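Here is the structure we will look at, set down as structure tokens.
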Amino acid sequence: MTFNGTNHWHYYSISGINFIKTSAAASGRPSVILAPVGGGASAALDSAVVAATSAGVHFVTTAGNSNADASNFSPGRVPSAITVGASTIADTISSSSNYGPAIKLFAPGQSVLSTWIGSPDATNIISGGSSAAAHVAGLAAYLLGILGTTSTITLGTALETTAVRGALTNVPAGTVNLLANNNIARLGLKL
Numbered sequence: 123m124t125f126n127g128t129n130h131w132h133y134y135s136i137s138g139i140n141f142i143k144t145s146a147a148a149s150g151r152p153s154v155i156l157a158p159v160g161g162g163a164s165a166a167l168d169s170a171v172v173a174a175t176s177a178g179v180h181f182v183t184t185a186g187n188s189n190a191d192a193s194n195f196s197p198g199r200v201p202s203a204i205t206v207g208a209s210t211i212a213d214t215i216s217s218s219s220n221y222g223p224a225i226k227l228f229a230p231g232q233s234v235l236s237t238w239i240g241s242p243d244a245t246n247i248i249s250g251g252s253s254a255a256a257h258v259a260g261l262a263a264y265l266l267g268i269l270g271t272t273s274t275i276t277l278g279t280a281l282e283t284t285a286v287r288g289a290l291t292n293v294p295a296g297t298v299n300l301l302a303n304n305n306i307a308r309l310g311l312k313l
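The working numbering numbers the first residue of the sequence shown as 123 and each following residue consecutively.
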């Protein structure tokens, strides 16, 4: 399915990113985009992410579920994106999670209880990079509530600082071993 030569999901993702970038600028408040999408390399999608993060919007995305190098997938390959891999209940890297230097940290991505469609109280147990990215988007919003307006680099550093180092097994070479955590005490802030 294409729209003017572009995949539909790329077109709608870019439109959504641009809308949020504009809305965030108008509000003047810290903003986080959760984009649990991924696919082949797309210069247009990458450019939209760069424009959003350059405008101060924090962009969290999944590393993907292809058991491949995340550096080959958009939007996770964008350096200013907070790219999240999926971990298991046993603190290993999920067998389907992408890996590599594009990943900033890992988060739970196996058997995650979540809200769902169908009714106001519907739930579902889901797995994969999308649920892992959602954990980190929530953590990013939490940290922004404490830190206030801050750069993408500062927020990324805060996420890395609060993460648990070396907690994961089965980590491929060239991939960080950081498990998302909200240990705010590691930031040394006086609250």
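All residues carry an ideal CB built from backbone N, CA and C; glycine is no exception.
Only a predicted model underlies this, so the values are computations on that prediction, with no experimental measurement involved.
Three or more C-beta pairs under 8 angstroms: does that hold for the segment 187 to 197 against the segment 212 to 221? yes
In angstroms with no decimal places, state the Cα-to-Cα distance between residue 132 and residue 199. Along the sequence shown, read from residue 1 onward, the residue named residue 132 stands at position 10. Along the sequence shown, read from residue 1 onward, the residue named residue 199 stands at position 77. Residue 132 and residue 199: Cα-Cα distance of roughly 15 angstroms.
Determine the burial state of residue 268: buried for a count of at least 16 other Cβ atoms within 10 Å of its Cβ, exposed for fewer. On the sequence shown, position 146 is the one that residue 268 refers to. Residue 268 comes out exposed.
Does DSSP classify residue 247 as helix, strand or coil? For this step, residue 247 is matched to residue 125 along the sequence shown. Here residue 247 sits in strand by DSSP.
Rounded to whole angstroms, what's the CA-CA distance from residue 304 to residue 186? Just pull it up for me. Locating residue 304 in the sequence shown gives position 182, where the first residue counts as 1. Locating residue 186 in the sequence shown gives position 64, where the first residue counts as 1. Going from the Cα of residue 304 to the Cα of residue 186 covers about 23 angstroms.
Apply the 10 Å Cβ neighbour rule to residue 168 and answer buried if 16 or more other Cβ atoms are within range, or exposed otherwise. Stepping through the sequence shown from its first residue, residue 168 is reached at position 46. It is buried - the Cβ of residue 168 has at least 16 other Cβ atoms within 10 Å.
Leaving aside the five residues before and after residue 283 along the sequence, list all residues of the same chain whose C-beta is less than 7 angstroms from its C-beta, in chain order. The residue given as residue 283 occupies position 161 in the sequence shown. Scanning its chain for C-beta atoms nearer than 7 angstroms, with the 5 sequence neighbours on each side dropped, one finds around residue 283 the residues 308 and 309, in chain order.
So the alpha helix (DSSP H) residue 167 belongs to, where does it begin and stop? Sequence index remark: in the sequence shown, residue 167 carries index 45 (1-based). Its alpha helix (DSSP H) spans residues 165 to 176.
So the candidates are 170, 210, 162 and 172; which of them puts its Cα closest to the Cα of residue 190? For the purposes of this step, residue 190 is identified with residue 68 of the sequence shown, where counting begins at 1. Residue 190 has its Cα closest to that of 162, out of 170, 210, 162 and 172.
Quick one: which unbroken beta strand (DSSP E) runs of 3-plus residues sit fully inside the segment 131 to 167? Chain order, please. 154 to 157
At which residues does the beta strand (DSSP E) containing residue 229 begin and terminate? Numbered from 1 along the sequence shown, position 107 holds the residue referred to as residue 229. First-last of the beta strand (DSSP E) with residue 229: 227 to 230.
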